[in-house]
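Comments concern the structure below.
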Amino acid sequence: MRLNKTPLAIALALLVGVSLLGCSKEQASTQTASSTDESTKSTEKTDFYSRELAKLKQNMVPIHVAHNAEASQKIPKDFKFVNAGYFTVAAISGAPPLSVLGPDNQTYIGTEIDIARLIADSLGLKLKLVRTSWEDWPLGVLSGKYDAAIANVTVTKERKEKFDFATYRQDVLAFYVAEKSKIKAIKGPDDISGLKVIVGSGTNQEKVLLDWIEDNKKKGLPPGQALYYDDGASASLALQSGRVDALFGPNVAYAWQAANGAKIRLAGTALGGGTRPAELGVTLKKGSGLVDAVQTALNGVIQTGEYQKVLARWGTQAEAIQHSAINPPGLGD
């Protein structure tokens, strides 16, 4: 799964609803009605920011855990961390609840950051975050620039050829539609027949969507269409105007925005592995030997409850796992 800034941009733009669509003749005919409408939209946007800011401020306080001797003992004796005494992690600047710049405009916070800190604490290390992009983290991990990437990366057959994974959360994909959409539910390929769906390029959700479209073609149904938008405002305008029917991406990002007032609603979820469940994993260079220590650290915080506290405060507890696995089956297996 890839997560960039698009889900956040889309959701923020959706807060202002139909005002994004411009002025129609009917709107222009009455200045008072227009002013009232704009005032309402402004209030909705202010309420969103107020609710989100309060949550972000509350979640600025780090959650720490005691050193886990069992985990640190599994670090290979010849393993050299990128920075001595630190667990150096690549994390992508994106949107809450995963990773976002905090209200102090200095500290990055989010469920991904909290998970990285729990692992570092467990291994007896300090956490060093390196902000990067989706395009950069693979080479960075392989070249030894980072000890690991925690970037909402789904375990897939292809990725396991180059990386080791210790899982930390379920990969749940979701379809979201405009709040007033007539679409009631999207549960499978038949439900996207004839629909236009916005999806991120190069993601596992794109693969799932394209498989559904191909399935519809084989059944002789209108297949549906995948659309790609780099600009969130344009995507939101297209959704609200009805030019597109749905958004398809990581549930966590859209759920956070919907909970804070974005004009979208959940229409259905899909398995991150396409036809099977999939999980997101801490991503390490294959064969580095660090994956056993990271898995033990994760299972330790799952047992002690700090893991659950992290997910609960970011509203992602529905995607919790009971046990961290190393290189489980994923998309393509």
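When the sequence shown is numbered by the working numbering, its final residue is 321 and no position is left out of the sequence of numbers.
For each residue, glycine too, the CB sits at the ideal point set by N, CA and C.
The model shown is predicted, which means the values in this text are computed figures rather than measured ones.
For residue j and residue i, believed in contact at Cβ under 8 Å, the rounded distance
i	j	result
D178	L209	7 Å
Q283	Q296	Rounded, the Cβ-Cβ distance is 17 Å, inconsistent with contact.
G277	F153	Not a contact, Cβ separation roughly 14 Å.
N-terminal and C-terminal residue of the beta strand (DSSP E) that residue i is part of
i	result
V232	Per DSSP, V232 belongs to no beta strand (DSSP E) and is neither H nor E.
V165	160 to 166
L215	213 to 215
Cα-Cα separation, residue i to residue j
i	j	result
K68	Y156	24 Å
Q61	W122	31 Å
K29	A285	In this prediction, K29 scores a pLDDT of 47, lower than 50, which makes its location untrustworthy; the coordinate-derived value is nonetheless stated afterwards. The straight-line gap from Cα to Cα measures roughly 46 Å.
K170	L299	32 Å
S27	W200	Because the pLDDT of S27 is 49, which lies under 50, any placement of that residue in the model is unreliable, and the number read from its coordinates should be weighed accordingly. S27 and W200: Cα-Cα distance of roughly 42 Å.
A83	N248	13 Å
G261	A255	19 Å
E307	A72	33 Å
S12	F163	Residue confidence is low: S12 scores 34 on pLDDT, short of 50, so the model does not pin down where it sits. Its coordinate-derived value is still stated next. Distance between the alpha carbons of S12 and F163 is about 29 Å.
S224	T257	20 Å
L8	G132	Note on L8: pLDDT 33, under 50, position unreliable in the model; the coordinate value appears next. Whole-angstrom Cα-Cα distance: 45 Å.
D335	R231	Residue 335 lies beyond the range of the chain shown here (-11 to 321); nothing can be said about it.
L227	A173	16 Å
K205	D159	26 Å
N315	P126	16 Å
Counterpart residues of residue i in DSSP-defined beta bridges
i	result
D152	L272
R119	A79
T304	In DSSP, T304 forms no bridge with anything.
V187	F236
K114	Y74
E267	Q158
A137	A78, T271
T142	L268
I97	V88
C-beta contact flag for residue i and residue j at 8 Å
i	j	result
W244	G303	yes
L272	F151	yes
D124	V185	no
I51	L111	no
V339	L130	Summary: the structure shown does not reach residue 339, with the chain confined to residues -11 through 321, and so no result is reported for it.
L41	P85	no
L80	A139	First, the amino acid is wrong: residue 80 is Ile here, not Leu. In this structure, A139 lies closer than 8 Å to I80 by Cβ.
N239	L161	yes
Endpoints, alpha helix (DSSP H) assigned at residue i
i	result
K288	Lys is not the amino acid found at residue 288; the sequence shown has Gly there. Per DSSP, G288 belongs to the alpha helix (DSSP H) from 279 to 292.
A258	That residue, A258, is in no alpha helix (DSSP H); its beta strand (DSSP E) goes 252 to 259.
D203	192 to 206
A173	Taken as a continuous stretch (DSSP letters only), A173 belongs to no alpha helix (DSSP H), as it is neither H nor E.
G128	125 to 131
S60	57 to 60
Minimum Cβ-Cβ distance from residue i to chain B less than 8 Å
i	result
P238	The chain inventory of the structure shown lacks chain B, comprising one protein chain alone.
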